[in-house]
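These protein sequence lines map, in sequence, to chains A and B.
For the first sequence, the working numbering gives the first residue as 203, with consecutive numbering after it.
For the second sequence, the working numbering gives the first residue as 477, with consecutive numbering after it.
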Amino acid sequence: MLSPVPEPLVRFVNVRKSYDGTVDAVRALNLEVARSEFLTLLGPSGSGKTTTLTMLAGFERPTEGRIFVDGEDITDVPVEKRGIGMVFQNYALFPNMTVAENIAFPLRVRGVSRGEMASRVTRALSMVRLEGFGDRRPQQLSGGQQQRVAVARALVFEPRLILLDEPLGALDRQLREQMQYELKHLHQRLDITMVYVTHDQVEAMTMSDRVAVFSSGALRQVDEPRRLYEAPASLFVARFLGESNALPATVRRHDGGSCVAALASGEMVTALMPAPCAPGSPVHLVVRPEKILLGKAAQGSPNRFAARIAEVTFLGDQTRLRLVAFGADDFIVKLANTAGQDSFTPGTEIDIGWQAEDCRALSE
Amino acid sequence: MPSQSDARTEWRPRHGAYWLIILPALAMLVLLYLVPLADVLVTSVTDPKPGLDNYMLVFTSTSVQKALLTTLRIAALTTLIALLLGYVVAYAMRAAGSRRQRLMLFCVLLPFWISVLVRSFAWIALLGSRGPVNAGLMAWGLIDEPLPLVRNETGVLIGMVHVMLPYAVLTLYANMRGIDVRLVAAARSLGASRFQAFRMVFLPLTRPGLIGAGTLVFILSLGFYVTPALLGGGKVLMIAEYVAVQINDTLRWGLGTMLAATLMLSVLAALWALSRILDVKRLFGA
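Structure, rendered in structure tokens:
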């Protein structure tokens, strides 16, 4: 018996977007957003994440391909008919209206009755903890409060989907962290689908069920935050999410999911290889700084090498070492600040090592 | 930071130096503008005999009242038409790409380079009963008789709107440029049609621009002299021309200066009233 496969809420099918006809802002995009999911589009500026969002919102039309929401092809549906709530980077609150009038706006244009409008606005205000702020002007509120009004305004008409375009970019760090959790909890409580755009990887990791990583117009990988970090499929993803040591190497032999590769400085390294490459192909061996074993701990590992400490930085919760190894001086090791830790002195020789499963051979 | 403000005081030139630089301009302004202006005000209450008799004419003389009403009506109509046309042009300019925007701005500013006198005679030639406009309309068979487009109030309005349009466009354009386009996009994404987004978001935000442009055009229109004199064909008497007649022809200086003073005081009163609702300085880019 076939189990019913849930239809994804949003589907991008072979979407390409070019503004000038020569460069693709987004290309060959196939992406699905599940119902009730919090999906983040992550990437540096110009990577296509915002273009993807504006196409879903309806401000831009794909050059090729179709976009489906709820099984319906919305590629040619105008913005105002899509029923998608959007929160803008600079909030885009209407300065000529009060907070309550701002939130009532989507209801007003839909011809909702006065009585129902009032009760839904009150409910939306309490949802974002802004009871009693209805009569203020947006300009009288703090950045965080304005952001919450923008969220309430996008929620109040019960859209099938909410899009958020770097909504926390203008806030200071502390408020941003607080708002991240607030949005996350709102998402859980309301069971609504959210598509979020950011260039901040920590923000993406904090809030998302899944993260879609973009670079120069292409979707590189979509996965849960932990999988993206632990099992990046490309060097770009590995470098973009968190810190990593990337050692250029050449594949010598591979079998199944693992390989042996030779570093430029001659050492042989055993590593996982998610996408098989023929012997002789250039790859980067990527290993996270916190996965490195030092001194005696390194002895049992299959990859064990000599190094010298170049610099020690104490960061409170962790210590960061910069090592001279493999003919370079930028090998980073991070050690959690746990009890009974050795102290390190620059200039000391030290053994380093890592498990084969903590190291991945990736191509660009 | 104290050190910074210290540095500023240290480098600031003595006030005396500034005064010396602006002195010629100031002296010219006082001697050639403020003194005659005071003279106008004094004459208006002393000629032909001391008292407010001249000002009473506003309430008693039908010819004065007629000139005042004509002036107000034409200024109001000019303002209305210039705002409507100017709004469309400013809106189109804001929506255009930067290259086309510059071209449009150039076209808006172009009339400033041509004297009002030349423009008025050009309109007379264009709009006259044998002018190209009437000739064209008759050739197409749209009309049988030439339309009376000039030497009447219609002609005055056409000429004045033409002169005032750049002021309306520039003031509105400055205001519209300050409006965040994303607000309209936000309105659309929240379910508003193009028209709803315009009416509920964009239009209210251009209110300061409309008030500013309206005031500017209205005030400038009140004092028009050349255009109504030429395009009105002597039939449309506005205050400025009325004043000129009193000063040059009938030599009733008391009446002439009274009307000039009344005009000036009304403009100042209008500006003061406006300053209660709007930041006038910012509106006119001061």
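Built from N, CA and C at the ideal position, the CB exists for glycine as well.
- Residue range 729-753 is occupied by the alpha helix (DSSP H) that includes W748(B).
- Rounded to the nearest whole angstrom, the C-alpha separation of W616(B) and N610(B) is 10 Å.
- In this structure, E551(A) is the residue among E551(A), G458(A), G468(A) with its C-alpha nearest to the C-alpha of K498(A).
- Distances from the alpha-carbon of V439(A) to those of E266(A), Y293(A), R562(A), A302(A) put R562(A) closest.
- Boundaries of the alpha helix (DSSP H) around S665(B): 657-665.
- Listed by position along chain B, the residues whose Cβ is nearer than 8 Å to that of A294(A) are D656, R658, L659, A661, A662.
- For R575(B), the closest Cβ of chain A is not nearer than 9 Å.
- Against chain A, the CB of G688(B) has no partner CB under 9 Å away; the residue lies outside that interface.
- For A689(B), the enclosing alpha helix (DSSP H) starts and ends at 683-698.
- The Cβ of R316(A) sits no closer than 9 Å to any Cβ of chain B.
- Within the region 680-709 of chain B, P680, L681 place their CB atoms closer than 7 Å to a CB of chain A, listed in sequence order.
- Using a CB distance below 7 Å, the part of the region 264-285 of chain A facing chain B consists of V281, E282, ordered along the chain.
- Counting other Cβ atoms within 10 Å of its Cβ, A451(A) reaches 16 or more and is therefore classed as buried.
- The beta-carbon of F416(A) is placed no less than 9 Å from the nearest beta-carbon of chain B.
- The three-state secondary structure of Q520(A), taken from DSSP, is strand.
- Excluding residues up to 5 positions away in sequence, V489, R490, K493 lie with their Cβ nearer than 8 Å to the Cβ of D560(A) in the same chain.
- Out of M409(A), E426(A), L474(A), F528(A), the CA that lies nearest to the CA of G468(A) is found in F528(A).
- The shortest CA-to-CA distance from H401(A) to any of P210(A), L366(A), G267(A) is the one to L366(A).
- For M288(A), DSSP records a beta bridge to L365(A).
- Taking a 10 Å sphere around the C-beta of V632(B), we find 16 or more other C-beta atoms and assign the residue as buried.
- Under the Cβ criterion of 9 Å, V399(A) is not counted among the residues facing chain B.
- Segment contact: the region 702-718 of chain B against the region 553-571 of chain B, fewer than three CB-CB distances shorter than 8 Å; contact not assigned.
- Rounded to whole angstroms, T703(B) and N628(B) show a C-alpha spacing of 11 Å.
- At least 9 Å separates the beta-carbon of A448(A) from that of P427(A).
- Secondary structure of W616(B) (DSSP, three-state): coil.
- Three or more beta-carbon pairs drawn from the region 279-290 of chain A and the region 343-363 of chain A are found closer than 8 Å, and the two stretches are therefore classed as touching.
- Annotated three-state conformation of N232(A) is strand, per DSSP.
- Out of A737(B), F678(B), S596(B), the CA that lies nearest to the CA of P512(B) is found in A737(B).
- Between the region 296-304 of chain A and the region 328-336 of chain A there are three or more C-beta pairs closer than 8 Å, enough to call the two in contact.
- Here I695(B) has V743, A746 as same chain residues with Cβ atoms under 7 Å from its own Cβ, once five neighbours each way along the sequence are excluded.
- In this structure C461(A) is buried. Its beta-carbon is surrounded by 16 or more other beta-carbon atoms within 10 angstroms.
- Taking a 10 Å sphere around the C-beta of I394(A), we find 16 or more other C-beta atoms and assign the residue as buried.
- Shown here for L241(A): same chain residues with a beta carbon closer than 6 Å to its own, the five before and five after excluded, namely V235, V397, R412 in chain order.
- M288(A) reaches chain B at A662, S665, L666, counting residues in chain order whose Cβ is nearer than 8 Å.
- One thing to note: T254(A) has its Cβ no nearer than 9 Å to the Cβ of F307(A).
- Just measuring C-alpha positions, the residue of W495(B), L505(B), S539(B) sitting nearest G732(B) is S539(B).
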